[in-house]
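Let me begin by presenting the structure, written as structure tokens, before commenting on it.
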Amino acid sequence: MENYTLTINGKTQDVNAPEDMPLLWVIRDLLDMKGTKFGCGQALCGACTVHLDGEAVRSCSLPISQVGEGKITTIEGLSEEGDHPLQKAWVEHIVPQCGYCQSGQIMNAAALLAKNPSPSDSDIESAMEGNLCRCGTYNRIKDAILTASKSL
Amino acid sequence: MMPKLPFLKKEKTDASTPLSTGDRSEIFRASRRDFLKIGSLAAGGFVLGINFQCNGPKGELITFAPNVFVSIGSDNIVTIVAHRSEMGTGIRTTLPMIVADELGADWSKVKIVQAEGDEEKYGNQNTDGSFSVRMFYEPMKKAGATARHMLVQAAAKEWGVDPSECDTESSHVILKGGSKKIPFGDLVAQIQVMEIPKPEVLTMKEFSSYKLVGTDLPIYDVKDIATGKAVFGADVNLPNMLIAVVQRSPVVGAKVVSFNDEKALAVPGVKKVVKIDGPGLPAGLDKPLEGIAVLAENTWAAIKGSQALEIEWDLGPNQTYNSGVQLEEMLKSTASNGTVKRERGNFNQAKSSSGKVLEKTYLAPFYAHSTIEPPAAIADVKADGSVEVWAPSQHPQWARGAVAGALGIDVSKVKINVTLLGGGFGRKSKPDFVAEAALLSKAAGVPVRVQWTRECDLHHDYFHSHSAQRIVATLDGSGNLTGWNHHTVFPAIGSGLDAAPPSDGELDLGCRDFPYDVPNIRIEAHESSAHTRVGWLRSVSNIHHAFAISTMLDEIAETKGVDPVDQAIQLLGEDKDLIFAGEMVGDYGNYGEKIEDFPWNTGRMKKVIETVAEKSNWKANLAAGKAVGFAAHKSFLTYVACVVTVEKDAAGNLLIPEVHYAVDCGIPVNTDRIRSQFEGGAQFATSLAMTSAITFENGKVQQNNFDTYKVIRMPQSPKKINVHIIPSTEKPTGVGEPPVPPFIPALANAIYKLTGKRNYELPFKA
Ligand code: FES
Ligand code: FES
Numbered sequence: 011m012e013n014y015t016l017t018i019n020g021k022t023q024d025v026n027a028p029e030d031m032p033l034l035w036v037i038r039d040l041l042d043m044k045g046t047k048f049g050c051g052q053a054l055c056g057a058c059t060v061h062l063d064g065e066a067v068r069s070c071s072l073p074i075s076q077v078g079e080g081k082i083t084t085i086e087g088l089s090e091e092g093d094h095p096l097q098k099a100w101v102e103h104i105v106p107q108c109g110y111c112q113s114g115q116i117m118n119a120a121a122l123l124a125k126n127p128s129p130s131d132s133d134i135e136s137a138m139e140g141n142l143c144r145c146g147t148y149n150r151i152k153d154a155i156l157t158a159s160k161s162l
Numbered sequence: 020m021m022p023k024l025p026f027l028k029k030e031k032t033d034a035s036t037p038l039s040t041g042d043r044s045e046i047f048r049a050s051r052r053d054f055l056k057i058g059s060l061a062a063g064g065f066v067l068g069i070n071f072q073c074n075g076p077k078g079e080l081i082t083f084a085p086n087v088f089v090s091i092g093s094d095n096i097v098t099i100v101a102h103r104s105e106m107g108t109g110i111r112t113t114l115p116m117i118v119a120d121e122l123g124a125d126w127s128k129v130k131i132v133q134a135e136g137d138e139e140k141y142g143n144q145n146t147d148g149s150f151s152v153r154m155f156y157e158p159m160k161k162a163g164a165t166a167r168h169m170l171v172q173a174a175a176k177e178w179g180v181d182p183s184e185c186d187t188e189s190s191h192v193i194l195k196g197g198s199k200k201i202p203f204g205d206l207v208a209q210i211q212v213m214e215i216p217k218p219e220v221l222t223m224k225e226f227s228s229y230k231l232v233g234t235d236l237p238i239y240d241v242k243d244i245a246t247g248k249a250v251f252g253a254d255v256n257l258p259n260m261l262i263a264v265v266q267r268s269p270v271v272g273a274k275v276v277s278f279n280d281e282k283a284l285a286v287p288g289v290k291k292v293v294k295i296d297g298p299g300l301p302a303g304l305d306k307p308l309e310g311i312a313v314l315a316e317n318t319w320a321a322i323k324g325s326q327a328l329e330i331e332w333d334l335g336p337n338q339t340y341n342s343g344v345q346l347e348e349m350l351k352s353t354a355s356n357g358t359v360k361r362e363r364g365n366f367n368q369a370k371s372s373s374g375k376v377l378e379k380t381y382l383a384p385f386y387a388h389s390t391i392e393p394p395a396a397i398a399d400v401k402a403d404g405s406v407e408v409w410a411p412s413q414h415p416q417w418a419r420g421a422v423a424g425a426l427g428i429d430v431s432k433v434k435i436n437v438t439l440l441g442g443g444f445g446r447k448s449k450p451d452f453v454a455e456a457a458l459l460s461k462a463a464g465v466p467v468r469v470q471w472t473r474e475c476d477l478h479h480d481y482f483h484s485h486s487a488q489r490i491v492a493t494l495d496g497s498g499n500l501t502g503w504n505h506h507t508v509f510p511a512i513g514s515g516l517d518a519a520p521p522s523d524g525e526l527d528l529g530c531r532d533f534p535y536d537v538p539n540i541r542i543e544a545h546e547s548s549a550h551t552r553v554g555w556l557r558s559v560s561n562i563h564h565a566f567a568i569s570t571m572l573d574e575i576a577e578t579k580g581v582d583p584v585d586q587a588i589q590l591l592g593e594d595k596d597l598i599f600a601g602e603m604v605g606d607y608g609n610y611g612e613k614i615e616d617f618p619w620n621t622g623r624m625k626k627v628i629e630t631v632a633e634k635s636n637w638k639a640n641l642a643a644g645k646a647v648g649f650a651a652h653k654s655f656l657t658y659v660a661c662v663v664t665v666e667k668d669a670a671g672n673l674l675i676p677e678v679h680y681a682v683d684c685g686i687p688v689n690t691d692r693i694r695s696q697f698e699g700g701a702q703f704a705t706s707l708a709m710t711s712a713i714t715f716e717n718g719k720v721q722q723n724n725f726d727t728y729k730v731i732r733m734p735q736s737p738k739k740i741n742v743h744i745i746p747s748t749e750k751p752t753g754v755g756e757p758p759v760p761p762f763i764p765a766l767a768n769a770i771y772k773l774t775g776k777r778n779y780e781l782p783f784k785a
């Protein structure tokens, strides 16, 4: 067990965890922030996507010992009022069905737009390929990303 | 004895009497105290209950005595209880919007609260079988109309006018002409002392005057989901809660011989190791599998601890099971005579006198549900023996019964809170994971969340069973279809080691209800056995039946040299109601509805076929040599036709640039959620058709995670999915499952156009 100081959504948090504990479980279990979801534990579904220094990472497969000084952003910290252009576009397109995958989808899309504010269809497809949606909301996700990119 | 299929029957959990939707609901004044248990209510609020009553199979009245509440607060907030589980269909929005619209409520001032699982209070809550809208459309309307009637009476009295001068709008009663209006909340005191009106005096709104019903109303939870606030199964946190990860029987029926938990207990954070006793064989539909649970302070420690367990298993009779071998045997069996389940004319005679015989066989694999949220449930067994549960359950009452059974307590001591479900597709109607949480909390003396990993989920699902089919079609000299002989075999839901044919209920799903005007029809079922847990997956055996039937029809049209769309319309014949009189052997279930109430109407099917052909430009695309495929399939009483276009990209990958669906689901309640179910259904079906399969070797599932059990990702998704909803005033029917069945054969038929090779096995190799 080690002590770690994390910066999550602009706040510093001290946690005590084994060094191999994935960031996902630190966030969900130790810090009780439930917006980030567990889907596969193997970096195969994207449900657990958060940002580490602005990059989308699969928190289920990132041991806490590798987070270092990096700044973490979760869905709870993406915007203060829930009004990130992607969140607004998600509401406008009524993207979610069950909704479970959507935190990860939005976080992944936000990292994409931060780097590439006007992605093409195929940019979106390749960036979002790691995020599964079993309900089948892929087309609306794509439309919402395009809508959000226009408002940037 | 085969269990009844709960997804087909609007059953009570303790009795499986099929009920039909014939609405006999009763509205009554409910106590505020009852309501306050589930929702908050401003001072002086008014509460109405809906007492659902339904017709039994012989038309007799069956009362559930449940209450779904609608309340109006003095703060002008209308609160509506959602008693069905939300797993992505939008039902938590769709049923309340019916009440709100009939009432004339301002949707922005409507609050929705989720009901707990309680049969006495809410009646049937089994959210399955695409029947929520079908079953509850009328009662919801009646509840709204009752409250509106009372509010109008109260305002009319206050204003000294005739009630016919008044109406409701935006949570106000208005005097027609608009000179006066009063908020609902200001009338609460008056309606509290008013008699509940008799149903005869109620007037229901015309469909055309609805403002919410028939529109794209956004789902209630959309903002919470987009901001990460929505609460799913694993998101509830209780003080002192331990997290459990379980190693379960690697082969269904396996029992623990011995285990060593030393290394597991040495993992920091691990608190306890508990054995769960499983039923062995038969495994049942509602019991936990045998397993060893590791309880820890956090999920990671529980995962690590469970990996460190050393367990010696007696694997039991299923340890030699190989699904590929069984599938071959099943296929062989379809060449012999089976049990006849439907007979029209004389197929053998048709065969001996036919000009041409087409005989094809079809295979489909086991599928897992693989909801992105793996099963998880939280239980808190209290010192007094009662238990409170939080679970993403499709069937909270079954969960309640399973928990009570597992703990040996009365159901009245079990409270089930229903969270949002991160996908269901039939998996989360089974209460095994909920019972696990309860058993573990009892053993540990603290609240426990049982957390399934993805590997647990794929290894221990209640799978959609693999299947083999053989269709023999006879054609006369001019290529007309004269005979249809469909053999089907698959391990039945809930079956075990003893050989059994599929149940009548499963045969009714797109096989026995073959609707076409063919003079000679023989449907035969064959026996097989189950060596895993077989359950139901979105549209159930319609999946493989529609695949076989609609690809065969495409082949028949090709043989005859006709357009398969024209052929389907011609084979449906005159507009008529089919009731299959005298042809079915055994009960025909018709999705739990009386066939007289919901007949198989060929005219409605022809209309969706014509619509999809027109909207997709079928004729022109066909003439231009485009790779387009067509299929039509009715399931869960909803009529669907589908056209799929395929192409290959430069790298040779198959793409689906366009899909068209036409759907007749009766009155379309939430048009956006109808479209979203079809968009999602096409994507779900693409996985079934192209990427997914579960196989068994030595009794064990061979797939572990999404690297080996593949579901489609964004690049493989059909690109443009157009959904054409037929305007209708027929009774509404569900849309959760009906998009899946016709998509797969339409895709198969399109691929054939592209490659010249037919696919007879799912998932496709092309
Ligand atoms: S849970 Fe991390 S990628 Fe699936
Ligand atoms: S919305 Fe259900 S998994 Fe994506």
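Chains as they are written, first to last, in our numbering: chain L, 11 to 162; chain F, 20 to 785.
For glycine and all other residues, C-beta sits at the position ideal for the given N, C-alpha and C.
Let me check understanding here. Comparing Cα to Cα, which of the options lies closest to residue i?
i, options, result
"Lys351 of chain F", "F:Leu334, F:Thr380, F:Ser569 and F:Asp333", "F:Thr380"
"Val14 of chain F", "F:Tyr728, F:Val422, F:Val659 and F:Asn337", "Absent from the model: residue 14 of chain F. The displayed extent of chain F is 20 to 785, so no value can be given."
"Val406 of chain F", "F:Phe444, F:Ala396, F:Ala457 and F:Phe226", "F:Ala457"
"Asn561 of chain F", "F:Asp94, F:Ala263, F:Leu707 and F:Lys128", "F:Leu707"
"Ile104 of chain L", "F:Ala544, F:Lys242 and F:Ser547", "F:Lys242"
"Glu347 of chain F", "F:Gly775, F:Gly644, F:Asn741 and F:Arg489", "F:Arg489"
"His191 of chain F", "F:Ala119, F:Lys160, F:Gly252 and F:Phe783", "F:Ala119"
Closer than 6 Å by C-beta to residue i: which residues in its own chain qualify, once you throw out the five before and the five after it? Chain order, please.
i, result
"Gln133 of chain F", "Ala101 and Val437"
"Trp332 of chain F", "Ala273"
"Pro450 of chain F", "Asp305, Trp417, Ala418 and Ala421"
"Ile110 of chain F", "Arg103 and Ser151"
"Ala712 of chain F", "Pro384 and Pro782"
"Ala632 of chain F", "Val584"
Determine the chain L residues that contact residue i at a beta-carbon separation under 9 Å, and present them in chain order.
i, result
"Gln702 of chain F", "Cys143, Arg144, Cys145, Gly146, Thr147, Tyr148 and Asn149"
"Trp319 of chain F", "Ala27, Pro28, Asp30, Met31, Pro32, Leu34, Trp35, Val36 and Asp39"
Tell me which same chain residues have a C-beta within less than 7 Å of the C-beta of residue i, skipping the five on either side of it?
i, result
"Thr32 of chain F", "Because Thr32 of chain F carries a pLDDT of 35, less than 50, the predicted location of this residue cannot be relied on, and the following value inherits that uncertainty. Excluding residues within five positions, the ones whose Cβ falls inside 7 Å are Glu138, Gln416, Trp417 and Gly420."
Quick one, are the C-beta atoms of residue i and residue j less than 8 Å apart?
i, j, result
"Ile763 of chain F", "Cys55 of chain L", "no"
"Gly310 of chain F", "Gln266 of chain F", "yes"
"Thr657 of chain F", "Val754 of chain F", "yes"
"Gly502 of chain F", "Lys370 of chain F", "yes"
"Gly114 of chain L", "Asn149 of chain L", "no"
"Val255 of chain F", "Trp126 of chain F", "no"
"Thr578 of chain F", "Leu494 of chain F", "yes"
What in chain L is Cβ-close to residue i, meaning under 8 Å?
i, result
"Pro237 of chain F", "Val101 and Ile104"
Leaving aside the five residues before and after residue i along the sequence, list all residues of the same chain whose C-beta is less than 8 Å from its C-beta, in chain order.
i, result
"Gly299 of chain F", "Gly272, Lys274, Glu309 and Gly335"
"Glu79 of chain F", "Low confidence applies here, because Glu79 of chain F scores a pLDDT of 43, under 50, leaving its location unreliable; read the following figure in that light. For Glu79 of chain F, where only same-chain residues beyond five positions count, there are no Cβ hits under 8 Å."
"Asn640 of chain F", "Val647 and Thr664"
So which residues of chain F does residue i contact, with C-beta pairs closer than 7 Å?
i, result
"Lys44 of chain L", "Asp254"
Strictly below 8 Å CB to CB, what residues from chain F border residue i?
i, result
"Gln52 of chain L", "Arg473, Asn724, Phe725 and Asp726"
"Ile155 of chain L", "Within chain F, no residue comes near Ile155 of chain L; the closest Cβ sits about 10 Å away, beyond 8 Å."
"Ile85 of chain L", "Thr246 and Gly247"
"Glu135 of chain L", "Met733 and Pro734"
So which residues on chain L does residue i lean against when the C-beta distance must stay under 7 Å?
i, result
"Ile244 of chain F", "Pro106, Gly109 and Gln112"
Name the chain F residues that come within less than 9 Å of residue i, Cβ to Cβ?
i, result
"Ile37 of chain L", "In chain order: nothing, as chain F lies at least about 11 Å away."
"Gly80 of chain L", "Residues of chain F passing the Cβ test: none, with the nearest at roughly 19 Å."
**Q.** Residues in the region 107 to 124 of chain L having any Cβ partner in chain F nearer than 8 Å
**A.** Cβ proximity to chain F below 8 Å picks out Gln107, Cys108, Gly109, Tyr110, Cys111, Gln112, Ser113 and Ile116 from the region 107 to 124 of chain L.
Q: Quick one: which residues of the region 89 to 100 of chain L get their C-beta closer than 7 Å to a C-beta of chain F? List them in chain order.
A: Answer in chain order: Gly92, Gln97 and Trp100.
Q) Along the region 14 to 29 of chain L, what residues have a CB closer than 7 Å to any CB found in chain F? A) Residues passing the 7 Å Cβ filter: Pro28.
(Q) If the cut-off is 8 Å on Cβ atoms, which residues from the region 761 to 774 of chain F count as contacting chain L, listed in chain order? (A) Using a CB distance below 8 Å, no part of the region 761 to 774 of chain F faces chain L.
Q) In the region 372 to 398 of chain F, which residues sit with their C-beta less than 9 Å from some C-beta in chain L, listed in chain order? A) Flagged, chain order: His388, Ser389, Thr390, Ile391, Glu392, Pro393 and Ala395.
Q: Can you give me, in chain order, the residues of the region 282 to 302 of chain F that have a beta carbon less than 7 Å from any beta carbon in chain L?
A: Residues of the region 282 to 302 of chain F with a Cβ closer than 7 Å to any Cβ of chain L, in chain order: Pro287.
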